[in-house]
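Notes for the one structure printed next.
Number of protein chains: 2
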Amino acid sequence: MDLMSTLSQPRPSFKAQMHRAREDAIVEAASRLLREKGFETMTVDEVAAAVGIAKASLYKHFAGKDDLCTAAVVHGVARLQRFLGELPADLDPLQRLHALLYWLLELQLGEEMALLSERTSALAQALRTCDVYQSAMLEVSRHILGWVAQAQTAGQLRRDLPPDVILCALLARSADPMLAMLRERGYGNAEILAWVIDTCLSGLVQQPGHIET
Amino acid sequence: MDLMSTLSQPRPSFKAQMHRAREDAIVEAASRLLREKGFETMTVDEVAAAVGIAKASLYKHFAGKDDLCTAAVVHGVARLQRFLGELPADLDPLQRLHALLYWLLELQLGEEMALLSERTSALAQALRTCDVYQSAMLEVSRHILGWVAQAQTAGQLRRDLPPDVILCALLARSADPMLAMLRERGYGNAEILAWVIDTCLSGLVQQPGHIET
DNA sequence: GTCTATACAGAGATAGAC
DNA sequence: GTCTATCTCTGTATAGAC
Numbered sequence: 003m004d005l006m007s008t009l010s011q012p013r014p015s016f017k018a019q020m021h022r023a024r025e026d027a028i029v030e031a032a033s034r035l036l037r038e039k040g041f042e043t044m045t046v047d048e049v050a051a052a053v054g055i056a057k058a059s060l061y062k063h064f065a066g067k068d069d070l071c072t073a074a075v076v077h078g079v080a081r082l083q084r085f086l087g088e089l090p091a092d093l094d095p096l097q098r099l100h101a102l103l104y105w106l107l108e109l110q111l112g113e114e115m116a117l118l119s120e121r122t123s124a125l126a127q128a129l130r131t132c133d134v135y136q137s138a139m140l141e142v143s144r145h146i147l148g149w150v151a152q153a154q155t156a157g158q159l160r161r162d163l164p165p166d167v168i169l170c171a172l173l174a175r176s177a178d179p180m181l182a183m184l185r186e187r188g189y190g191n192a193e194i195l196a197w198v199i200d201t202c203l204s205g206l207v208q209q210p211g212h213i214e215t
Numbered sequence: 003m004d005l006m007s008t009l010s011q012p013r014p015s016f017k018a019q020m021h022r023a024r025e026d027a028i029v030e031a032a033s034r035l036l037r038e039k040g041f042e043t044m045t046v047d048e049v050a051a052a053v054g055i056a057k058a059s060l061y062k063h064f065a066g067k068d069d070l071c072t073a074a075v076v077h078g079v080a081r082l083q084r085f086l087g088e089l090p091a092d093l094d095p096l097q098r099l100h101a102l103l104y105w106l107l108e109l110q111l112g113e114e115m116a117l118l119s120e121r122t123s124a125l126a127q128a129l130r131t132c133d134v135y136q137s138a139m140l141e142v143s144r145h146i147l148g149w150v151a152q153a154q155t156a157g158q159l160r161r162d163l164p165p166d167v168i169l170c171a172l173l174a175r176s177a178d179p180m181l182a183m184l185r186e187r188g189y190g191n192a193e194i195l196a197w198v199i200d201t202c203l204s205g206l207v208q209q210p211g212h213i214e215t
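As structure tokens, then:
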């Protein structure tokens, strides 16, 4: 079996590969702009310009702005799913949650991509009716909820909070304005990351001297 | 001194009073819409319609959308200042911070007004160059930082965090997406409020068994 | 499928009468 | 100061040639 046939296992034609690569480039650009400027402020022109194609060409790939940005968010969730699945096996539940938090916040500090879209945007509405997104988020939630439950039974996380609440407390950090506020005050990314993770997790972990009710 | 002269102490003419009342109504409507829909999504037409006046009339009061929404946010900060100033004198620093958090979150759950504008909106930029807003926020920050410092020396709050960081951790809750996420999952406002305050403060308070470094 | 050029709609802002 | 009617610009989306 030579290199060519190895690379083209399910026989995607070169054309199809290019097509896919182009779409990936578009989604990536859309992700970045979505993160930097938000759904309402970003423009399709900007996305097209960033990729280096004409706007009309972009509309051959995606039906509209909503469709494009939905794809971008789904792409982000897929990355999150991959991250969750690839975590080293030797981490205990709490370490996994810590790693998750780190990953979410680092993403927000870099200008890469958006997970939680702004509550007010039209995109939020589009996502609510997007099956792919909803099922992906459901799986992510289940995955994390499993760890939360484990950490709770292991006595690492507070048992007086519903797992749901802990899940939300963690995921919500990916859009926490605290990071931007600290940035404005001149702090460095490393400090910010450490503080946000610390203050968030400290509110969730089971304290040594805590009295259970 | 009769009633009339009492009511019109600094002699604001009826006309001026009406003018002021009208502007207040406009700002109030803008605040609510800003909170519900965000800066980019809301329209000046909606504000005018909510107040019951024509859009052109609104433009006699405010120079533009930025100006109007800036006024709305400043109005909100002023309310916050009043709240801070009117807290009962018998509360200790930590109780004050708790009350502050409660106030901020309740505001977010009701659909009233916006304090932190979305990071991406054009409004955020406008506020950055608005002296009135900046100085008001500075005073609010100083006020709260004072309580934080007191709570830290009293051993109520963690001393390993800069007061700045604690301040941000508290204020950022006013735009925490965690509330919306919990709402979507069907929880009631009272539960949500309690959990967010709990998880936030638990990460900041000095734990009984904590070892200082 | 990619381009240039254009149609169309929405929203911010203004003109001018009253 | 308030109104109706209008201007103007921007951004989504499409038409049609290649």
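Sequence order for the protein chains is E and W.
If you want this note's numbering, it's the 1-based position in the first sequence plus 2.
If you want this note's numbering, it's the 1-based position in the second sequence plus 2.
Note that the Cβ used here is the ideal one computed from N, Cα and C, for glycine as well.
None of the values given here were measured: they were computed from a predicted structure.
Query: Euclidean distance between Cα positions of Trp105/W and Val79/E; Result: 33 Å
Query: 8 Å CB neighbourhood of Gly157/E in its chain, flanking five on each side removed; Result: Gln208
Query: Closer than 9 Å to chain E by CB, Ser33/W; Result: no
Query: Any 3 or more C-beta pairs closer than 8 Å across the segment 62-72 of chain W and the segment 137-147 of chain W; Result: no
Query: Cβ-based burial, Pro90/E [other Cβ within 10 Å; buried from 16]; Result: exposed
Query: For Val2/W, the first and last residue of its enclosing alpha helix (DSSP H); Result: In the structure as shown, chain W starts at 3 and stops at 215, and residue 2/W therefore has no counterpart that could be examined.
Query: Residue span of the alpha helix (DSSP H) that contains Cys71/E, given as start and end; Result: Lys67 to Gly87
Query: Cβ pair count under 8 Å reaching 3, the segment 183-202 of chain W against the segment 125-136 of chain W; Result: no
Query: Three-state class that DSSP yields for Leu129/E in the structure shown; Result: helix
Query: Counterpart residues of Val207/W in DSSP-defined beta bridges; Result: Leu159/W
Query: Residues, ordered as in the chain, of the segment 141-161 of chain W that lie near chain E by beta-carbon distance below 7 Å; Result: none
Query: Gln152/W versus Glu42/W: straight-line alpha-carbon distance, rounded; Result: 40 Å
Query: Pair within 9 Å by beta-carbon distance, Asp178/E and Pro165/W; Result: no
Query: Distance, Ile168/W Cα to Phe16/E Cα; Result: 55 Å
Query: Exposure label - Leu93/E; buried when at least 16 CB within 10 Å; Result: exposed
Query: Straight-line gap, Arg24/W to Thr122/W (C-alpha atoms, nearest Å); Result: 30 Å
Query: Cβ neighbour criterion (16 or more within 10 Å) applied to Ala51/W; Result: exposed
Query: CB contact below 9 Å: Asp200/W versus chain E; Result: yes
Query: Range of the contiguous alpha helix (DSSP H) that encloses Ser59/W; Result: Lys57 to His63
Query: Straight-line Cα distance separating Arg37/W from Leu103/E; Result: 28 Å
Query: Beta-carbon gap between Ala73/W and Ala32/W smaller than 9 Å; Result: yes
Query: Alpha-carbon to alpha-carbon, Met20/E and Leu111/W; Result: 48 Å
Query: DSSP state of Ala91/W mapped onto helix, strand, coil; Result: coil
Query: Rounded straight-line distance, which links the Cα of Val53/W to that of Ala27/W; Result: 7 Å
Query: Any C-beta of chain W under 9 Å from that of Met20/E; Result: no
Query: Chain E contact for Thr43/W (CB, 9 Å cutoff); Result: yes
Query: Host alpha helix (DSSP H) of Arg34/E (start-end); Result: Phe16 to Lys39
Query: Buried versus exposed call for Pro95/E [16 or more other C-beta atoms within 10 Å across all chains shown]; Result: buried
Query: Residue-chain proximity (Asp178/W, chain E), Cβ-Cβ < 9 Å; Result: yes
Query: Within-9 Å CB hit, Gln83/E to chain W; Result: no
Query: Status (buried if at least 16 other CB within 10 Å, exposed otherwise) for Gln154/W; Result: buried
Query: Helix, strand or coil at Asp178/E according to DSSP, with G and I counted as helix; Result: coil
Query: Leu172/W beta carbon less than 9 Å from that of Leu206/W; Result: yes
Query: Whole-angstrom C-beta distance between Arg34/W and Glu113/W, which should lie under 8 Å; Result: 6 Å
Query: C-alpha distance - Met115/E paired with Gly40/E, whole-angstrom precision; Result: 10 Å
Query: Arg98/W (DSSP reduced to helix, strand or coil); Result: helix
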